[in-house]
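The structure appears below as structure tokens.
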Amino acid sequence: MGLIKIREERCKGCTLCINACPKKIIALAPYVNSKGYNPATLTDEKACTGCGFCYAFCPDICIEVYR
Amino acid sequence: MDKVSSFPKTLVDVPMHYCPGCTHGIIHRLVAEVIEEMEIAFKTVGIASVGCSCFCYDYFNFDVVASAHGRAPATATGVKRVHPECLVFTYQGDGDLAAIGTAEIIHAAVRGEKISVIFVNNGIYGMTGGQMAPTTLPEMKATTSPYGRSTALTGYPIKMTEMLALQDGCVYAERTKISSVATINKTKKAIRKSFELQIAGKGFSVVEILSTCPTNWGMEPLESIKWMEENLETYYPVGLIKDEKEVK
Amino acid sequence: MHELLLAGFGGQGVMLMGKILAYAGMKEEKQVMFIPSYGSEMRGGTANCSVILSEEEIDAPVVSKPTVLVAMNTPSFDKFESSVKENGIIILNSSLITKETTRENVKIVKVPASDIAKGLGNERIINMVLLGTLIAVTNCVKVGSIMASLKEILPPHRHNLLPLNQKAIEDAMSLVK
Amino acid sequence: MTTKVLMKGSEAIAEAAILSGCRYFFGYPITPQNEIPEYLAKHLPKVGGTFLQAESEISAIYMVLGGAAAGARVMTSSSSPGISLKQEGISYMAGAETPCVIVNIMRGGPGLGAIQGAQPDYWQATRGGGHGDYRLLVLAPATVQEAVDLTYQAFDLADKYRNPVMILGDGILAQIMEPVELPEANNQLPDKAWAVGKNENRPRNIVSSSYPKVDELEKVSIRLHERYAQIKKNEVRWDSYLTDDAEYVIASYGSAARIAKAAIKMARAEGIKVGLIRPISVWPFPTEPFQNIVPQTKFFLSFEMCTGQMIDDVRLAIGNERPVYHYGRLGGVIPLPEELLAKIKELVKEAK
Chain P
10 MGLIKIREER
20 CKGCTLCINA
30 CPKKIIALAP
40 YVNSKGYNPA
50 TLTDEKACTG
60 CGFCYAFCPD
70 ICIEVYR
Chain V
5 MDKVSSFPKT
15 LVDVPMHYCP
25 GCTHGIIHRL
35 VAEVIEEMEI
45 AFKTVGIASV
55 GCSCFCYDYF
65 NFDVVASAHG
75 RAPATATGVK
85 RVHPECLVFT
95 YQGDGDLAAI
105 GTAEIIHAAV
115 RGEKISVIFV
125 NNGIYGMTGG
135 QMAPTTLPEM
145 KATTSPYGRS
155 TALTGYPIKM
165 TEMLALQDGC
175 VYAERTKISS
185 VATINKTKKA
195 IRKSFELQIA
205 GKGFSVVEIL
215 STCPTNWGME
225 PLESIKWMEE
235 NLETYYPVGL
245 IKDEKEVK
Chain B
433 MHELLLAGFG
443 GQGVMLMGKI
453 LAYAGMKEEK
463 QVMFIPSYGS
473 EMRGGTANCS
483 VILSEEEIDA
493 PVVSKPTVLV
503 AMNTPSFDKF
513 ESSVKENGII
523 ILNSSLITKE
533 TTRENVKIVK
543 VPASDIAKGL
553 GNERIINMVL
563 LGTLIAVTNC
573 VKVGSIMASL
583 KEILPPHRHN
593 LLPLNQKAIE
603 DAMSLVK
Chain R
553 MTTKVLMKGS
563 EAIAEAAILS
573 GCRYFFGYPI
583 TPQNEIPEYL
593 AKHLPKVGGT
603 FLQAESEISA
613 IYMVLGGAAA
623 GARVMTSSSS
633 PGISLKQEGI
643 SYMAGAETPC
653 VIVNIMRGGP
663 GLGAIQGAQP
673 DYWQATRGGG
683 HGDYRLLVLA
693 PATVQEAVDL
703 TYQAFDLADK
713 YRNPVMILGD
723 GILAQIMEPV
733 ELPEANNQLP
743 DKAWAVGKNE
753 NRPRNIVSSS
763 YPKVDELEKV
773 SIRLHERYAQ
783 IKKNEVRWDS
793 YLTDDAEYVI
803 ASYGSAARIA
813 KAAIKMARAE
823 GIKVGLIRPI
833 SVWPFPTEPF
843 QNIVPQTKFF
853 LSFEMCTGQM
863 IDDVRLAIGN
873 ERPVYHYGRL
883 GGVIPLPEEL
893 LAKIKELVKE
903 AK
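Structure, rendered in structure tokens:
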């Protein structure tokens, strides 16, 4: 049981978190942020374990992890 | 639910200028987290060099001196000699540390200067636009080696950390990489060890971190991590190069 | 104003001699300046220095026409003989310099300094012998100031040499008188 | 009453630095200034200071940058080619507003040149020296006593203006010995709230010359130039000799000015009314005394141990009002008073 919050404005859509997620529940959003990047979003809140892998891999430190 | 991971207090909460997928941001966070966990931000002085990471003074939430290309170890020496109680580290890329700053880094190690060196190696000049670095692999393309690096023309990649480890003044040298959660954790441990050795009054230490440059390598971030492991790492094997236990 | 040029080869104590003179002059509240010559080579060849002792402010930090030349060996004599001011003095170490001067308008004082030093049992004090001659001939500083300066300049572990130095200076002075 | 001691120019500079509160020296050997690092290697540890010989001049100046950024009084010294190598760091220090004292014991150039005293680095010293739009406060002592006094003051000036200060001497000044009175040790160093180091209760400090945004850099440049204007207003130093009735004025600084003085005495003995203006601060240049003396002066003669560099500043000071000539010897040849006298007589004859 966990949750992540992504500061979408800070995200550059690099996809490193998507690759790091063991549950494969992060994807790029269909919309863009003000910088023009498609930000990462959590696709399945219930499946998130709060493992923090996405946080560890995020170069822009825009993910908060809750457990 | 509790917040278990979030933006460290030892970083300034501003967007970073790095390209999408550049691992500098991860390495900045690791350095900042170690400083936060060791509760030493009040006595830390970072030394910025020149290259993509030269603006790290905008991000680290503690004192920073910005030095010139390659000269960070000399500036760190000046700061450390005046404030031996402080944690002083340099943050340098391979263009900076392995080319123009070769003399400064080697002699800081030779002196056993009590500083930590965070050496980010992606085998290319980033900020100036993807030129060949001394760390660029043979046959690797760069804007100043458009046909691939010719060893006949420019020689071979330089192994800085091995060279630094040879110096008696160097107490700890390790090469890590940013490629998985496990290697990120390993990198953090190495940074912590380097900082702890410095606080304990031991000598010079260096953590070389194999990194990527998606923009100048012309790859997607994920692809560049794979390329790094399949190419850069074969030339620069990760692992412990010199442990403080080897130091007499 | 005394403009002294002291010249010899490295190891003859030329620099020490110059420093003692400058120091002694300072003790007598004279204006003084010590000018070493320095070359790319650290050792060997001729060594020379200049000392200016004056009652008035010293302007130029250069001695081109010395009033007195102390020549400790032949190359120094050859090199500087012609530079000495008209009616100046050349004090030469006659143990090593056997040639005669070609100058007509200078006073020559010959001192067998090396032999005197040898006679005193220490060849290294030829600089003191010539220093004694110099102050006897020129009266540029007093012997008391020289001795006091020597004591201050020489490191304590060399103070055992002070009596010998004094004797060398005094013997040389009595030879002139 | 202070007693006089006989000191070599270079050693006197080193001692004055210690007395002024300098506790850190970073340098690299080069003739003819080696007695400065040698003296400090011996004496700094005795007062709890640090002497460190770097692997190059470049490294040395960046150690100075680090030490200065950390709030200490720091010095380096070198001679012409070594100062050229340090220029990158000097520019960084000017940009980062870090105080330090840099001693340049000039020798003959260009290139490796020769080690004998000369004055060929005037332009380099007074025009900033490195890249970028900056200035150093440059003080040029003529005697060993003045070297002591100016070095002692240089640290205060560097701190006051947060700018590198250069002591510009030559091989003659560094090598001669003269009696000096030493000042009292300074035990009250200024607080530097901007410096890096242990930090319990203040926001982080950044010492940097990096200003990637153009409007920001323009602001910094304007601030620096306002400071240079303050230096120009407050720190002009010069001396004059027999100028009251002078019809001919020699401009000369450092060791050359002493030779000029001797020549002026000779000329006066022959009835030639010649005087001397001696800039002590060569940047800021003492413009006013030159301007003020124009009405009574027939010509100016810049006497420098180079092909003529300060002559530009003399001309800038007086405009096209009077002819400005140059005399000097090159490569480390020391000009004699008699030579200068001959030049003065020749020019006086032409002027009539």
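Protein chains in written order, with the working numbering: chain P, 10 to 76; chain V, 5 to 252; chain B, 433 to 609; chain R, 553 to 904. Idealized CB from N, CA, C, for every residue including glycine. Since the structure is predicted, the reported quantities are computational estimates derived from the model, not experimental observations.
Listed by chain order, chain R residues near residue i by CB distance under 8 angstroms
i	result
D603 of chain B	Those do not exist, as D603 of chain B stays about 27 angstroms from chain R at its closest Cβ, beyond 8 angstroms.
F66 of chain V	N751, R756
7 angstroms Cβ cutoff, residue i in contact with chain B
i	result
P589 of chain R	no
is_contact[residue i, chain V] using C-beta, thresh 7 angstroms
i	result
E17 of chain P	no
L769 of chain R	no
M553 of chain R	Any reading at M553 of chain R must be qualified, since the residue scores a pLDDT of 46, below 50, and its modelled position is unreliable; no value is offered.
L12 of chain P	yes
L25 of chain P	yes
S632 of chain R	no
K21 of chain P	yes
7 angstroms Cβ cut-off: residues of chain V touching residue i
i	result
K750 of chain R	F46, K47, H87, E89, C90
K32 of chain P	The contacting residues do not exist; K32 of chain P stays about 14 angstroms from chain V at best.
L776 of chain R	Chain V residues near L776 of chain R: none, gap ~16 angstroms exceeds 7 angstroms.
Under 8 angstroms by beta carbon: chain V residues contacting residue i
i	result
E73 of chain P	K7, S9, S10, F11
A621 of chain R	V69, T79, G82, V83
T695 of chain R	Ordered by position in chain V, no residue passes the 8 angstroms Cβ test against T695 of chain R, which lies about 32 angstroms from the chain.
Interface residues of chain B facing residue i [CB-CB closer than 7 angstroms]
i	result
L888 of chain R	V494, S496
K556 of chain R	M458
S807 of chain R	P493
E902 of chain R	Those within 7 angstroms of E902 of chain R in chain B number zero; the least Cβ separation is about 25 angstroms.
Residues bridged to residue i (per DSSP)
i	result
N525 of chain B	B:V543
G827 of chain R	R:V801
D67 of chain V	V:V49
M857 of chain R	According to DSSP, which records beta bridges pairwise, M857 of chain R is partnered with nothing at all.
N656 of chain R	R:S630, R:L720
F851 of chain R	R:Y800
G440 of chain B	B:A479
H434 of chain B	B:L485
M559 of chain R	R:E730
I791 of chain R	According to the sequence displayed, residue 791 of chain R carries Asp and not Ile. In the DSSP output, where bridge partners are listed per residue, D791 of chain R has R:R830.
W835 of chain R	R:V690
Rounded Cβ spacing between residue i and residue j (contact assumed at less than 8 angstroms)
i	j	result
M164 of chain V	F123 of chain V	7 angstroms
S761 of chain R	Y644 of chain R	5 angstroms
I195 of chain V	L34 of chain V	6 angstroms
I523 of chain B	V569 of chain B	7 angstroms
A600 of chain B	M560 of chain B	4 angstroms
A113 of chain V	Q171 of chain V	4 angstroms
Chain P contact for residue i (CB, 7 angstroms cutoff)
i	result
L226 of chain V	yes
T14 of chain V	no
P138 of chain V	no
Residue i: contacting residues in chain R (beta-carbon distance under 7 angstroms)
i	result
P587 of chain B	Ordered by position in chain R, no residue passes the 7 angstroms Cβ test against P587 of chain B, which lies about 14 angstroms from the chain.
Under 9 angstroms from the C-beta of residue i: neighbouring residues of chain V
i	result
N28 of chain P	P225, L226, I229
Beta carbon proximity, residue i to chain R, threshold 7 angstroms
i	result
E473 of chain B	A caution first: E473 of chain B carries a pLDDT of 44, below 50, which makes its placement in the model unreliable, though a value can still be read off. No - not a single Cβ of chain R is within 7 angstroms of the one on E473 of chain B.
R75 of chain V	yes
H32 of chain V	no
E108 of chain V	yes
Y61 of chain V	yes
A479 of chain B	no
Cross-chain neighbours of residue i in chain B, by beta carbon under 9 angstroms
i	result
S724 of chain R	According to the sequence provided, residue 724 of chain R is Ile. The question's Ser does not apply to it. Neighbours of I724 of chain R on chain B, chain order: I467, P493, V494.
Neighbouring residues, chain P, relative to residue i (Cβ below 7 angstroms)
i	result
M20 of chain V	D69
V185 of chain V	A29, F62, A65, F66
C26 of chain V	P68
Partners in chain P for residue i, counting only beta-carbon separations shorter than 8 angstroms
i	result
G253 of chain V	In this structure chain V extends from 5 to 252, so residue 253 of chain V is not present and cannot be described.
Cross-chain neighbours of residue i in chain R, by beta carbon under 9 angstroms
i	result
A439 of chain B	By Cβ distance, chain R contributes nothing, its closest Cβ being about 16 angstroms from A439 of chain B, past 9 angstroms.
Could I get the ranges of all uninterrupted beta strand (DSSP E) runs contained in the stretch 712-745 of chain R, with 3 residues as the minimum, in chain order? Counting whole runs of 3 or more residues, the stretch 712-745 of chain R contains the beta strand (DSSP E) stretches 716-722, 729-733.
Just to confirm the assignment: which complete alpha helix (DSSP H) runs, minimum length 4, are found wholly within the stretch 25-62 of chain P? Here the runs fully enclosed are 25-29.
Which residue spans inside the stretch 878-902 of chain R form an unbroken alpha helix (DSSP H) run of at least 4? Listed in chain order, there is nothing to give.
Could you give the uninterrupted runs of the alpha helix (DSSP H) lying entirely in the stretch 104-189 of chain V, keeping only those of 4 residues or more? If you keep only unbroken alpha helix (DSSP H) runs of at least 4 residues inside the stretch 104-189 of chain V, you get 106-114, 155-158, 164-169.
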